[in-house]
Every structure is written in C-alpha cells, then in structure tokens.
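Which chain is which? The protein sequence lines are S, L and H, in order.
Counting in my numbering, the first sequence runs from 162 upward without gaps.
Counting in my numbering, the second sequence runs from 162 upward without gaps.
Counting in my numbering, the third sequence runs from 162 upward without gaps.
Here is the structure we will look at.
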Amino acid sequence: MSWTLAQIAQHINGQLVGDPDYTVTAVGTLTDAGPEHLSFLANTKYKKYLQYTRAGAVIVAAGVESDSDIQLIQVDDPYVAYAKAASLLYPETKPEAGIHPTAWVHPQAEIAADVTIGPNVTIEQGVIIAAGTSIGPGSVIEANVRVGNTCRIKANVTLCREVQLGDRVVIHPGVVIGADGFGIANDKGRWIKVPQVGRVVIGNDVEIGANTTIDRGAIDDTLIADGVKLDNQIQIGHNVRIGEHTVIAGCVGIAGSTVVGKYCAIGGGTGIAGHIEIADGVQLTGMSMVTKSITEPGVYSSGIPIEPARQWHKNVVRYRQLDKLFARVEQLEKQLKD
Amino acid sequence: MSWTLAQIAQHINGQLVGDPDYTVTAVGTLTDAGPEHLSFLANTKYKKYLQYTRAGAVIVAAGVESDSDIQLIQVDDPYVAYAKAASLLYPETKPEAGIHPTAWVHPQAEIAADVTIGPNVTIEQGVIIAAGTSIGPGSVIEANVRVGNTCRIKANVTLCREVQLGDRVVIHPGVVIGADGFGIANDKGRWIKVPQVGRVVIGNDVEIGANTTIDRGAIDDTLIADGVKLDNQIQIGHNVRIGEHTVIAGCVGIAGSTVVGKYCAIGGGTGIAGHIEIADGVQLTGMSMVTKSITEPGVYSSGIPIEPARQWHKNVVRYRQLDKLFARVEQLEKQLKD
Amino acid sequence: MSWTLAQIAQHINGQLVGDPDYTVTAVGTLTDAGPEHLSFLANTKYKKYLQYTRAGAVIVAAGVESDSDIQLIQVDDPYVAYAKAASLLYPETKPEAGIHPTAWVHPQAEIAADVTIGPNVTIEQGVIIAAGTSIGPGSVIEANVRVGNTCRIKANVTLCREVQLGDRVVIHPGVVIGADGFGIANDKGRWIKVPQVGRVVIGNDVEIGANTTIDRGAIDDTLIADGVKLDNQIQIGHNVRIGEHTVIAGCVGIAGSTVVGKYCAIGGGTGIAGHIEIADGVQLTGMSMVTKSITEPGVYSSGIPIEPARQWHKNVVRYRQLDKLFARVEQLEKQLKD
C-alpha cells in the first residue's frame with residue numbers, strides 16, 4: 162500500500178516539511194529505514210539518529226527540526242501519530258467471508274452473513290456471532306457464547322460456554338476465556354468442586370494477548386471493561402473486575418474477586434491477591450507483589466533487583482538478622498542515654 | 162433445575178428454618194440474589210447482608226439466625242454445603258455420547274461405548290478411553306494415552322504419548338500434559354537433548370486449570386496423586402511428584418524432580434526450585450520463593466509487598482547498604498565497650 | 162531397540178569395563194534399573210547407589226570404579242554420554258509421511274514430499290515446509306510461514322503469519338509464535354493499537370517448551386538465534402533478541418526490545434525489563450528481577466527465600482523501618498563522636 166506524505170500528514174493532523182507528493186510504502190526504524198519507509202522519533206534520546214536516517218520521512222514532535230534535508234511530519238504526539246500512520250500503511254485484512262468446509266458449526270448457531278469461520282473451527286449450539294467478525298483456525302466457541310461485530314478471534318482460541326464479547330475485540334492465539342475458576346471447598350480433608358456458574362463478560366475494544374486465561378465467575382460474572390488491553394500469559398481469576406482502559410503487561414496474575422480500577426497500568430510479572438481493590442489510576446511497576454487494597458492513585462513498586470550472587474547471599478543473611486540489629490541499636494541507644 | 166428446600170436440606174444434611182416446599186432454581190450472592198435463588202453465608206464478615214438479602218433461602222452455619230424472616234438452612238460447614246447444593250442445582254451435563262464426524266480416531270484406539278469425542282478431536286493409536294468420559298473439541302490425545310472413566314477433557318487440550326489419567330479427572334482448555342521436560346546436556350558449549358522417556362501419571366479426582374503444563378519424566382514418571390487440584394498456568398517440571406489432596410494456585414512453577422507432600426496449599430505465583438522436598442501439610446503464601454527443602458509443616462512466606470515507588474527506591478538502596486550498616490553498628494558497640 | 166555395550170561404548174567414546182556382547186534395551190535410574198537397563202552416574206553425590214544398583218551397565222566418569230561387579234562405561238562427561246546413549250536406545254520416530262485427510266492445506270503452500278501433516282492441521286497460503294518436517298495434530302501454520310527441514314512441530318501449536326524457522330527446530334504443544342506484541346499508544350486516555358509488522362525469525366536447533374509465547378516484532382524482527390533452548394510458559398516480548406546457545410528455564414518473562422547475549426543461562430520465574438542488554442555468559446538464578454542492563458558475565462541473583470510466616474512478617478516490618486534505622490545509627494555515631 163502506498164500513500165503520499167500529504168495524505169499521511171492529513172490523516173495524522175501533522176505539519177509536513179517536505180514534498181507532499183512523495184510516497185512511502187512501509188514503516189522502518191530510524192536506523193534501518195530506507196527511502197520507501199516512514200519512520201518516527203518519539204523519544205528524544207534517539208534524536209541523534211535523525212541526521213543519519215535514510216528514511217523517506219520521519220514523524221516528529223512539533224518544533225523538532227533537522228539539520229539534514231530529511232522530510233518531517235510534525236505532530237503533537239509522534240507515537241500516537243505513528244500508530245495511526247502505520248494503520249494506513251498496513252490496513253488490517255479480514256480473511257474472506259464464509260464458513261470453511263472443515264469447520265463444524267452447530268445448526269442452531271447464528272452466524273452473520275459476512276463472518277469468517279476458519280478451518281477446523283468448532284461452533285457449538287446457541288452461539289451468536291455478529292457482522293464482520295472472524296474466527297481463526299482451530300478455535301472452539303462453546304455453547305451460547307456471544308461475539309460482537311468486527312472481532313478478531315485468532316487461531317486455537319477457546320471461548321467457553323456463555324462468554325460474552327463486545328465489539329472490535331481482538332483475541333490472540335491460545336487464549337482461554339471462561340474456564341472454571343479455582344473454586345474448591347475442603348470437605349474433611351478432601352477438596353470438592355464448587356460449581357462455577359457465572360460468565361465472563363468482555364466489553365468493546367478489548368485486546369487479549371496469546372495464552373492469557375480469564376476464568377468464569379463463581380456465581381456473578383467476571384468483567385473486563387471497554388478498552389482494556391491485556392498482554393500475553395496473564396491469569397485472571399474468577400469474579401475479577403477490570404476497569405475501563407486499564408492495561409496489563411505479560412505474566413501478571415490476579416486472584417479471585419479482586420477489583421482493578423480504570424486507567425491503571427500494571428507491570429509485567431505482578432501478582433495481585435484476591436478480594437482486594439485497586440483504585441483508579443494506579444501504576445504498578447514490574448514484578449510488584451500486591452497483598453492489600455490500594456486506595457490512592459500513584460506509582461507503587463516492590464522487589465529488589467539482582468546483585469552479583471555473592472553480594473546477594475550476604476544481603477539475604479543480613480536481612481534475616483534485621484530484627485537482631487534493631488535490638489542491638491536499641492541497646493546502644495539505651496547505653497548512650499544512661 | 163428446581164429443588165425444594167426440604168430436598169436441599171436433606172442433601173446437605175442441614176436444618177431447615179423455612180417452608181420445606183419452597184423451591185429455588187439457581188444460586189446467587191447475598192447482595193444480588195432474588196426469591197428464586199439459594200445463597201450462602203460462609204464468612205461472618207458478610208453477616209450484615211443477611212438482613213437485607215432477597216434470596217429465597219440462605220445456607221448458614223449452625224446457630225446463625227436472622228432478625229428478618231429470611232429462610233435458612235443451618236449446616237456445619239456452609240461453604241461445603243453450598244458446593245453440594247450448587248451441584249444439585251447445576252448438575253454437570255455430559256455431552257451426548259458418540260464420535261463427532263469431524264473427529265479423527267485411530268482404528269487401533271479403544272473407546273468405550275458411551276464416550277463423547279467432540280469435533281476436530283485427534284485420537285492416536287493405542288489410546289484407551291474408559292466409560293463416561295468426554296473429550297472436548299480440538300483436543301489431541303497422542304499414542305498410548307490411557308484416560309479413566311468419567312473424565313472431562315475440555316477443548317484444545319493436548320495429552321502427549323503414554324500419559325495416564327485416573328478416573329473423574331477434569332482438564333481445562335489449553336492444558337498440555339506430557340510434553341518433553343527441559344532435559345539438556347552441555348556438550349562443549351552446545352546443548353544437546355536428553356531424551357525424555359518417562360510418562361506423566363495422574364491419579365483420580367484431579368482437576369487441572371487452563372493452560373497449565375506438566376512435563377513427562379526424564380527416566381521415571383512425573384506423578385500427580387489423587388485429589389490434587391491445580392489452578393491455571395502452572396508449570397510442573399519433569400519427575401515432580403505431588404502428594405494427595407494438595408492444592409496449587411495459579412502461575413506457580415515447580416522445577417524438576419521436586420517432591421511436594423500431601424495436603425499442601427501453595428499460593429499463586431510461587432516458585433519452587435528443583436530437586437527439593439516439601440513436607441506434608443506445608444502452606445506457602447503467594448509469590449513465595451522456595452530454594453531449599455521444607456521439613457516441617459506450617460505456613461511459610463516470602464516477598465516484600467509494594468510501597469509507593471519513591472519509598473521503595475529508598476528502601477532498596479538501604480537494603481544494599483545493610484552489610485555496611487552491620488559494620489557500623491559493630492563499630493559503635495566496640496567503641497562503647499572501650 | 163537393543164544395543165550391545167560395545168556398540169554403546171563406541172558411540173559415546175567410552176571405556177567399557179564389562180562384557181562387550183551384553184545387551185541393554187532401555188534406560189533406568191540407579192535405584193530403579195534392572196539388568197536390561199543402562200544407567201548413569203553424573204553427580205558424585207549419588208555414588209553410594211553404584212554398589213546397590215541392579216542396572217545392566219552404568220555410564221560413569223573416567224576413573225570411577227565400583228566394588229561390586231557392576232558393568233561400567235567410563236567417559237569424560239557422563240551426562241552428555243548418557244544423552245547420546247539414550248538417543249540410541251530411543252531413536253526419535255518421525256510419524257509416517259503424508260498429509261492427513263482431515264488436515265487442510267492451502268493449494269498455494271509448498272510442502273516437501275516427505276513431510277508429515279497430522280490430523281486437523283491448518284496450513285495457509287504461501288507456507289513453505291522443508292523436507293523431513295512433521296506438523297502435529299491441531300496445529301495452525303499461518304500465511305507465508307517458512308519451516309526448515311527436520312523440524313518437529315507438535316500438537317496444537319500456532320505459528321502466525323511470516324514466522325521463519327530454521328532447521329531441526331522442536332516446538333512443543335500449545336506454543337504461540339508471532340502473535341502481535343503489546344504495542345499500544347495512549348491517545349488522550351484511550352489506548353490505540355500500534356500495528357505489529359515485524360516477524361519472528363528463529364535459527365537452527367532451537368527447542369521451545371509447551372505454551373511458551375514469542376511475539377512478532379513491532380517494526381524489525383524478534384530474533385531467536387541458533388541453539389537456543391526455551392522451557393515451558395516463557396513469554397518473549399516483541400523485538401527481543403536472544404543470542405546463540407542461551408538457555409531459559411520455565412515461566413521467565415522478557416519485555417520488549419531487550420537483547421540477551423550468547424551462552425546465558427536464565428533461571429525459572431525470572432523477569433527481565435524491556436529495552437536493556439544482558440551480556441554474553443550471564444547466569445541468573447531463579448526468580449531474578451532484572452531492571453537494568455548487565456554488562457559483565459557472571460552469576461546474578463535476587464529475591465529473599467521463604468521464612469516461617471511469623472518471622473517473615475517481622476522482617477517485612479523491619480525492612481520498612483530501614484531508613485529510620487540508618488538515621489538512628491547516624492545519630493549514635495554523631496553522639497559518640499561528640
């Protein structure tokens with residue numbers, strides 16, 4: 162796909178410093194781009210590359226100029242503008258509509274006319290799939306699931322019974338939504354199953370990364386609100402609720418019944434205990450350990466980064482002696498006072 | 162499904178305070194239930210909701226009464242009783258028996274007459290599946306696997322060659338059992354594969370959560386004993402052995418050859434090193450880091466929960482200076498002694 | 162399969178102390194082996210078992226002898242030699258060549274004559290699969306993927322569009338390679354998608370464990386070099402580059418654009434931040450937290466192992482008071498100086 166710089170500048174509401182008729186066909190990084198590429202500079206740390214780049218044009222922040230004769234498109238937010246320009250150059254292609262002959266679709270499923278059902282897909286009874294959606298190869302859509310319009314369910318996804326998806330939801334391969342939550346009761350030493358009868362209800366414009374799992378509710382539903390973005394290999398327990406436009410990086414685990422607010426950003430590898438509440442606007446850095454509710458927005462962290470192993474060893478020993486050290490200091494204070 | 166309170170009270174061995182002929186058809190939480198719902202009160206923290214609930218009846222502990230005219234069923238253990246009552250109201254439905262026309266079953270597999278094989282399933286040579294079991298859509302059962310009776314293998318599960326399952330095993334979507342363990346040997350800088358020739362042997366009444374992985378043994382078998390319950394996204398290395406009725410929450414990793422005892426409870430996100438032993442009755446809180454054997458039952462913990470990022474930063478710096486602090490205190494003690 | 166000790170000794174370049182015509186048919190551990198088994202002793206910690214073992218023969222280090230009449234094969238590196246001998250006894254069997262009738266292969270895919278395509282596989286347009294490779298049941302190979310020769314793609318794997326695999330790559334079930342990276346830009350409070358247009362390029366002799374995910378590049382490619390071995394449930398973000406012969410244990414997460422060197426060994430559960438560099442030859446122990454680049458080879462660690470819960474509680478409290486403790490010690494030093 163080929164676009165002129167004038168078309169791109171207009172699309173991203175930018176100021177073009179260059180030839181309006183010059184065309185680009187792809188994106189590239191500042192260091193690797195050639196004349197056919199559009200690039201961008203979002204982090205001023207990389208400004209030095211601007212004079213060397215061979216890119217056809219570069220999206221930059223308003224006010225950024227170059228000593229070289231590189232063509233620029235100046236915008237308010239270069240990364241957002243890049244995202245929009247890249248979407249022009251790489252329009253999402255919906256696979257051809259129709260039900261693949263190797264797919265199995267229950268006669269009592271309602272599939273909109275222009276939906277794409279890929280090879281080896283299974284669609285069970287009572288499923289409703291709205292217009293413009295595609296279901297990737299090998300995916301399984303269990304009974305009574307409802308999928309909104311223009312969703313992209315990729316390959317080998319499992320949507321368990323009664324899961325509800327909004328519109329424009331993107332689900333990457335290997336995701337499992339609506340499996341039973343970890344509900345067990347201890348009956349005199351033996352664990353018995355607590356039936357998991359809630360659903361998973363997912364809003365509009367949600368994206369869910371590869372091999373992420375979201376459990377169905379125990380009684381009420383598990384809820385993922387509009388605009389939430391989840392990375393890969395996240396585990397979300399039963400009855401968790403995640404607020405609008407919250408983003409969660411890979412390998413996060415959230416235990417059952419926890420409520421995460423709106424506009425939160427949760428770093429990779431974080432663990433969040435069950436039955437707590439995280440306020441709107443909370444940011445957690447990577448590998449945070451959250452055991453209690455967080456009532457105020459702000460940035461929170463935990464974990465002690467690596468040290469050379471020998472030093473780490475020493476510090477762990479010291480850590481375990483902390484209580485004694487406090488006693489010794491108290492003793493010193495007492496002696497000095499006397 | 163509809164049951165009278167008398168029937169439910171009898172099933173859960175409870176004392177009914179209310180109309181024996183009143184019927185309920187579903188379960189609900191105290192706050193959301195209506196007259197058609199059965200609810201429960203297991204945690205006295207929520208007792209305040211008992212007077213407001215609109216539930217048809219509530220399962221409570223013996224001795225709990227209400228000021229309102231709410232109907233009660235008094236039992237010894239309300240959560241266990243709820244689990245049993247919910248199982249009455251939501252009986253597990255086995256999919257219709259038979260082999261789906263889109264499934265592929267090797268002619269040398271032995272499938273009991275009333276087994277359900279779903280769409281797009283693959284069953285390889287030498288597989289034996291006992292009565293009453295169902296295999297969900299898209300699942301792959303490799304050569305010589307043996308599945309016991311009344312198992313529920315959900316969608317997109319992979320059971321690798323020679324895996325053995327007991328009876329009443331439930332496996333949720335995306336689970337992989339019996340993939341090769343991480344066995345590699347360093348041959349002068351290059352890693353070569355160590356053949357993984359053991360199996361995975363799983364007992365009765367085991368439940369395994371979505372996208373969990375259990376590796377086959379290197380030489381001997383990996384063993385999961387009766388009654389073990391595993392949550393989602395757990396990784397169990399080769400030759401691990403897990404004792405009866407142990408429960409493990411999501412995102413736990415257990416490295417190779419480790420032995421976990423009976424009746425343990427392992428919190429989410431915990432990591433357990435290889436080649437160690439965890440005694441019976443050990444409880445690990447979430448995100449524990451276990452590097453050595455645990456010889457005594459009890460509760461163990463590690464990890465430092467989050468703080469505001471600024472404070473966390475300061476504490477990490479202080480932590481790294483601990484060794485020096487000990488030296489300074491020693492110096493002070495010496496000075497004071499002199 | 163049956164081999165004489167003479168044949169095995171020759172294959173692993175060992176010195177046989179025993180009957181050259183004696184045959185073994187399987188491997189076994191020192192404690193469980195019988196006369197038909199070949200065993201090995203790699204860790205001198207287990208030397209005591211050598212006198213009791215009933216194994217037909219044992220691979221040991223040069224110089225190791227036994228008081229009993231057990232047959233030995235002495236080699237330089239017993240574990241490497243065991244790996245090679247076990248590969249003799251358990252030769253990898255390639256499934257029968259051919260395209261299974263339930264698989265769907267796009268007419269514009271190029272599949273070498275002796276490739277095996279299993280049941281319920283999907284192969285999209287433009288895929289190229291080289292000689293001797295097998296694709297397991299339920300796997301999905303998206304458009305324009307290239308798979309080298311003698312690869313083993315197991316069941317229910319997803320290779321997304323344009324992924325490139327070298328030769329002799331092994332991919333275990335549930336793996337997802339080439340899903341979109343977590344690229345989002347904040348457009349006035351709403352997250353919009355940044356198209357992910359790079360590929361994943363994987364070298365020769367790479368092995369990838371069950372349910373691991375490797376994201377495609379945002380602009381340039383994500384790169385996994387020759388000889389890399391990845392365990393299960395690892396998450397590798399977009400544009401990560403991993404150097405030759407590096408090994409990574411289970412449940413590790415590596416955030417976007419990070420570069421990991423050659424010959425590294427990364428322990429299970431480790432988290433590595435994005436946009437950093439790890440030097441060649443770095444070793445990270447399990448559950449390490451890496452937030453900055455590592456410029457020197459060596460062993461690095463973090464995390465504080467478990468303690469009994471009561472003691473842990475106390476230490477966490479003490480940890481949070483560290484800053485005050487430092488102030489108190491400073492105060493004491495000042496007092497003493499005066």
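Note that beta-carbon positions come from the ideal geometry of N, C-alpha and C, so glycine has one too.
Between the alpha carbons of A304 (chain S) and V362 (chain S) lies a distance of about 15 Å.
Distance between A258 (chain L) and L391 (chain L), taken at the CA atoms: about 27 Å.
Residues are counted here when their Cβ sits less than 9 Å from a Cβ of chain H; for the stretch 189-211 of chain L the count is zero. For P469 (chain L), the pairing in a beta bridge is given by DSSP as S:Y461.
In this chain, the beta strand (DSSP E) harbouring H198 (chain S) covers H198 to F201.
DSSP places K245 (chain S) outside any beta strand (DSSP E); the residue lies instead in the alpha helix (DSSP H), whose first and last residues are P239 to L250. DSSP places L177 (chain L) in no alpha helix (DSSP H) but in the uninterrupted beta strand (DSSP E) bounded by Q176 to V178. At a cut-off of 9 Å, the C-beta of T283 (chain L) has a neighbouring C-beta in chain H.
Taking 9 Å as the cut-off, the Cβ atoms of E285 (chain L) and H333 (chain L) do not count as close.
In the displayed model, T205 (chain S) falls within a helix according to three-state DSSP. In this structure, T383 (chain L) sits near N400 (chain L), with a CB-CB distance shorter than 9 Å. Within the same chain, and ignoring the five residues on either side of N281 (chain S) in sequence, the residues whose Cβ sits closer than 7 Å to its Cβ are T263, A264, P298 and G299. When CB distances to chain L are screened at a threshold of 8 Å, the residues of the stretch 399-424 of chain H falling below it are H406, V408, A410, G411, C412 and Y424, in chain order. The distance from the Cβ of Y424 (chain H) to that of T452 (chain H) is about 22 Å, inconsistent with a contact at the 8 Å cut-off. Within 9 Å of the CB of K390 (chain S), the CB atoms of chain H belong to F343, I345, W352 and K354, in sequence order along the chain. For a Cβ distance threshold of 9 Å, nothing in chain S lies close to S229 (chain H): the least Cβ distance comes to about 39 Å.
Taken in chain order, the complete beta strand (DSSP E) segments of 3 residues or longer contained in the stretch 342-415 of chain H are 345-348, 351-354, 361-363, 374-376 and 383-385. Counting the other CB atoms within 10 Å of its CB gives S229 (chain L) a total below 16, which places it among the exposed residues. D328 (chain L) is outside the set of residues whose beta carbon lies under 9 Å from a beta carbon in chain S. If you look at A488 (chain L), you'll find it in the alpha helix (DSSP H) that goes L483 to K498. Relative to the Cα of V306 (chain H), the nearest Cα in the group H:I278, H:L326 and H:T277 belongs to H:L326.
For K315 (chain L), the closest Cβ of chain S is nearer than 9 Å.
Non-local beta-carbon contacts of R329 (chain L) in its own chain, meaning distances under 7 Å to residues more than five positions away in sequence, involve T311, C312, N365 and D366 in chain order. In chain order, G335, N372 and Q394 make up the part of chain H whose C-beta sits under 9 Å from the C-beta of N372 (chain L). Neighbours of D499 (chain H) in chain L, taken as residues at a C-beta separation under 9 Å, are lacking, since the least C-beta distance is about 12 Å. Taking C-alpha positions only, H198 (chain H) is separated from I338 (chain L) by approximately 26 Å.
Looking only at L:G279, L:A488, L:L249 and L:N347, the smallest Cα-Cα distance to H267 (chain S) is reached by L:G279. Taking a contact to require three or more Cβ pairs closer than 8 Å, the stretch 347-356 of chain S and the stretch 343-356 of chain H do not qualify as touching. 9 Å or more divides the Cβ of A416 (chain S) from the Cβ of I403 (chain S). For the set L:G195, L:V236, L:Y213 and L:I395, the Cα lying nearest the Cα of A222 (chain L) is the one of L:V236.
Between S300 (chain L) and chain H, the shortest Cβ-Cβ separation is below 9 Å. The beta-carbon distance between A346 (chain L) and Y240 (chain H), rounded to whole angstroms, is 5 Å. This is short enough to meet the 8 Å contact definition. Check the Cα spacing between G398 (chain H) and each of S:G398, S:G388, S:G464 and S:G411: the tightest is with S:G411. When rounded, the separation of the alpha-carbon atoms in Q482 (chain S) and V225 (chain L) is 47 Å. Close partners of W473 (chain L) in chain S (Cβ separation under 7 Å): S462 and S463.
For H436 (chain L), the closest of L:G344, L:L497 and L:T419 by C-alpha to C-alpha distance is L:T419.
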